[in-house]
Ligand SMILES: NC(=O)c1ccc[n+]([C@@H]2O[C@H](COP(=O)([O-])OP(=O)(O)OC[C@H]3O[C@@H](n4cnc5c(N)ncnc54)[C@H](O)[C@@H]3O)[C@@H](O)[C@H]2O)c1
């Protein structure tokens, strides 16, 4: 039986403003999708918040409400979108250039996309090397840029009448850089902003501005943004949720489906070679070794944690894992991923698995953006602050508390997510024990 909610959940009244650094392929596919869905031109395939259900109570009770009826989520038609980009293209022009959606569809949603004009970006070519554009802030300190973003946020809220806001990074992947001295406390970080410390990235400036403005922050790319003591401290201080990083959309999604299955049967893995060809702007940026290194780190970590070689040395101790991304313009957004998996079974006899995933990067990512926006807003209305580990389901490199390892197994991640929703509403958590059916 349902009991009282474990947390007070503020209602999802009014419009939810979604602030997005980066109006590229993922963002425009997400936004065009929202408009197409409103017009009945398509369905939100791939979105757990829109199509998923959650089983409550015993299997005999037959209670499986839609997630969106079970927890109070903002309605996708209540979202208003704004963002920043280094290019001046409005979202319609950017969508045409991204080449993900057909022109026939884009023409039907042209007006609302044209209305999304990117604000001037905080940009630093030391962090994203392969592209550069004219629509950038110039001539100030990093603190000046943070304040300018805060002003953009204030004006966006006023202009749109949004009741609440959330920010999600869909910008390019920045170069790999770990947290340093300037990130070790909020005080040092703020001092670093004033001195334009070169170790502070543009994404960290957006995140700082968001958190200072009372806006949750989610990171769809693999670089380090809020996983630093300074920004974690700010999120805690302001009672704001954080999540990240790097959407788990294509090859790593497949990996985290297959690897738990092999492990469940105690099959060994000697090698896992993953390669991709990708021709969109994301692929171009990832052609730079620094940005690729950020991606390599999040793409590589899943297997290590799923296989737990320290517990299963006979099976996974010598696993050779290699990940490649090749920029190949003719392919555009229609990425092709190959995996060759060298496995072994009884008495060590070798076998192979080949996976060839002909996917569409932004088609896979767009529903993840929608879910994250809605769940981050829910988390904020529940008063949940800091790292939202229950949203690991969406990420290749899930943020986590320092004392625990990140959970990568997608089935455990989904169970954790749904149990968190049950917990919010005071429902029994599902353990899958089920002995009571056989008493
Ligand atoms: N598509 C997927 O399946 C997927 C999966 C995981 C992660 N990602 C990540 O999501 C991000 C977006 O992917 P995409 O395919 O839309 O890339 P994209 O290149 O089409 O779009 C990124 C946009 O960000 C802009 N940009 C770069 N630096 C910026 C800054 N400092 N401020 C504002 N705008 C900035 C670029 O000009 C570009 O328009 C990338 O980091 C990518 O690695 C994508």
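In the working numbering, the protein residues as written are -10 to 428. All C-beta atoms, glycine included, are put in the ideal place defined by N, C-alpha and C.
Using a Cβ-Cβ cut-off of 6 Å (strictly less than) and excluding sequence neighbours within five positions of residue i, which residues of its own chain qualify?
i	result
residue 44	53
residue -7	415
residue 188	169 and 171
residue -4	371 and 413
residue 353	238 and 239
Specify, as a first and last residue, the run of the alpha helix (DSSP H) that residue i falls within.
i	result
residue 193	191 to 201
residue 328	Counting along the chain, residue 328 falls outside any alpha helix (DSSP H), though it belongs to the beta strand (DSSP E) covering 325 to 333.
residue 282	278 to 296
residue 101	99 to 103
residue 26	14 to 27
residue 338	Where residue 338 is concerned, there is no enclosing alpha helix (DSSP H), given that its DSSP letter is neither H nor E.
residue 181	175 to 183
residue 272	270 to 275
residue 369	350 to 370
residue 305	302 to 305
residue 218	218 to 226
Whole angstroms are fine: how far does the CA of residue j sit from the CA of residue i?
i	j	result
residue 211	residue 420	32 Å
residue 157	residue 362	7 Å
residue 389	residue 381	9 Å
residue 2	residue 78	32 Å
residue 234	residue 400	18 Å
residue 6	residue 193	20 Å
residue 207	residue 65	18 Å
residue 292	residue 254	16 Å
residue 356	residue 36	5 Å
residue 366	residue 338	50 Å
residue 184	residue 197	15 Å
residue 15	residue 133	28 Å
residue 202	residue 325	40 Å
residue 250	residue 385	18 Å
residue 304	residue 256	7 Å
residue 476	residue 110	Here the chain covers residues -10 to 428 and nothing more, so residue 476 does not appear.
residue 141	residue 248	44 Å
residue 88	residue 74	17 Å
residue 204	residue 155	5 Å
residue 166	residue 348	29 Å
residue 499	residue 12	Coverage of the chain is limited to positions -10 through 428, which leaves residue 499 absent and any answer about it impossible.
Within the same chain, show all residues whose beta-carbon is closer than 7 Å to that of residue i, passing over the 5 residues directly before and after it, in chain order.
i	result
residue 410	43, 56, 59 and 60
residue 84	17, 21, 90, 95 and 102
residue 310	261, 289 and 292
residue 279	118, 164 and 165
For the beta strand (DSSP E) containing residue i, list its first residue and its last residue.
i	result
residue 73	68 to 74
residue 59	Counting along the chain, residue 59 falls outside any beta strand (DSSP E), though it belongs to the alpha helix (DSSP H) covering 56 to 59.
residue 233	230 to 233
residue 130	Counting along the chain, residue 130 falls outside any beta strand (DSSP E), and DSSP gives it neither H nor E.
Using the three-state DSSP reduction, which class does residue i fall into: helix, strand or coil?
i	result
residue 110	strand
residue 414	coil
residue 165	coil
residue 80	helix
residue 156	strand
residue 315	strand
residue 250	helix
residue 345	strand
residue 8	strand
residue 409	helix
residue -10	For residue -10, the pLDDT reaches just 43, beneath the cut-off of 50, and the residue's location in the model is therefore unreliable, although a value from the coordinates is still provided. Residue state, collapsed to three classes: coil.
residue 255	coil
residue 206	strand
residue 138	helix
residue 263	strand
residue 42	strand
residue 242	helix
residue 52	strand
residue 35	coil
residue 427	helix
residue 321	coil
Give the C-beta separation of residue i and residue j to the nearest angstrom, bearing in mind that I take them to be a contact with Cβ-Cβ under 8 Å.
i	j	result
residue 312	residue 327	Not confirmed; about 11 Å, so no contact.
residue 145	residue 71	5 Å
residue 67	residue 4	5 Å
residue 350	residue 238	7 Å
Using a Cβ-Cβ cut-off of 8 Å (strictly less than) and excluding sequence neighbours within five positions of residue i, which residues of its own chain qualify?
i	result
residue 275	162, 267, 281, 284, 314 and 316
residue 396	294, 378, 381, 387, 389, 402 and 405
residue 174	218, 219 and 222
residue 33	22, 26, 39, 40, 65, 356 and 359
residue 341	329, 330, 331 and 332
residue -10	The predicted model places residue -10 with a pLDDT of 43, which falls under 50 and marks its position as unreliable, so this point remains unresolved.
residue 306	298
Under 7 Å from any heavy atom of ligand 2, does the C-beta of residue i make it?
i	result
residue 271	Here the bound small molecules are ligand 1; ligand 2 is not part of this structure.
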